[in-house]
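Position one of the sequence shown corresponds to residue 18 (the numbering used here), numbered consecutively onward.
For every residue, glycine included, the Cβ atom is placed at its ideal position computed from N, Cα and C.
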Amino acid sequence: MNDLYDRLKTKKIKITEMPKWGSYLRKQWEENFANHLSDKDKKSIYLFDNGGYCGYLWHLFSYKKKDCLVGEKAEDVFNNQPKNNCYVFYQHSDYVLFLDNSSLFNTDDLINETDIYIVDKGFNWTYVQTHETGLCGPYFSRKRN
18 MNDLYDRLKT
28 KKIKITEMPK
38 WGSYLRKQWE
48 ENFANHLSDK
58 DKKSIYLFDN
68 GGYCGYLWHL
78 FSYKKKDCLV
88 GEKAEDVFNN
98 QPKNNCYVFY
108 QHSDYVLFLD
118 NSSLFNTDDL
128 INETDIYIVD
138 KGFNWTYVQT
148 HETGLCGPYF
158 SRKRN
């Protein structure tokens with residue numbers, strides 16, 4: 018997390034740390050990208066921690082429940098996506114960064130980051146880098162595909 022902060026600082030991106038916003042943003046992400054699934058569907062793909070299984074929001078993509086780009090295509094679209102304001106948050110942490118004037122933010126900044134989610138301020142698109150990148154992800158998706 019600190020490495021990411023330092024990398025973004027060198028690019029003159031304005032960063033606001035929001036230490037306790039993680040659970041709120043994970044819920045917003047779910048409501049914006051997984052709202053077409055029933056609670057039963059969400060359980061079946063382990064979207065949440067359940068019965069000893071560790072849930073991940075990105076299971077929405079790995080279980081093919083929402084259209085997305087994967088791998089290099091996802092990286093290319095994210096790198097070229099206009100990024101004025103965006104949130105950066107994690108699956109297993111409530112630490113959040115809000116980035117302003119973040120057009121220079123790209124996948125090179127995400128080295129060694131896992132289970133990290135990036136969304137624009139309006140939750141119109143998301144980029145996810147998983148702990149299984151190469152097997153699962155990275156993913157890029159729009160709210161409406």
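Worksheet item: From residue 107 to residue 97, what distance separates their C-alpha atoms?
Response: 22 Å
Worksheet item: Touch check for the segment 118-127 and the segment 23-30: three-plus C-beta pairs under 8 Å?
Response: yes
Worksheet item: Is it true that the CB of residue 145 sits closer than 8 Å to the CB of residue 42?
Response: no
Discussion item. For residue 109, tell me which candidate among 75, 57, 86 has the shortest Cα-Cα distance.
Written reply: 75
Worksheet item: Looking at residue 78 and residue 85, is the spacing between their C-beta atoms short of 8 Å?
Response: yes
Worksheet item: Which class does residue 34 belong to by DSSP, given the choice of helix, strand or coil?
Response: Three-state result, residue 34: strand.
Item to complete: Just the C-alpha distance for residue 83 and residue 51, rounded to the nearest angstrom, thanks.
Response: 8 Å
Fill in: Where residue 33 falls, given that 16 or more other Cβ within 10 Å makes a residue buried
exposed
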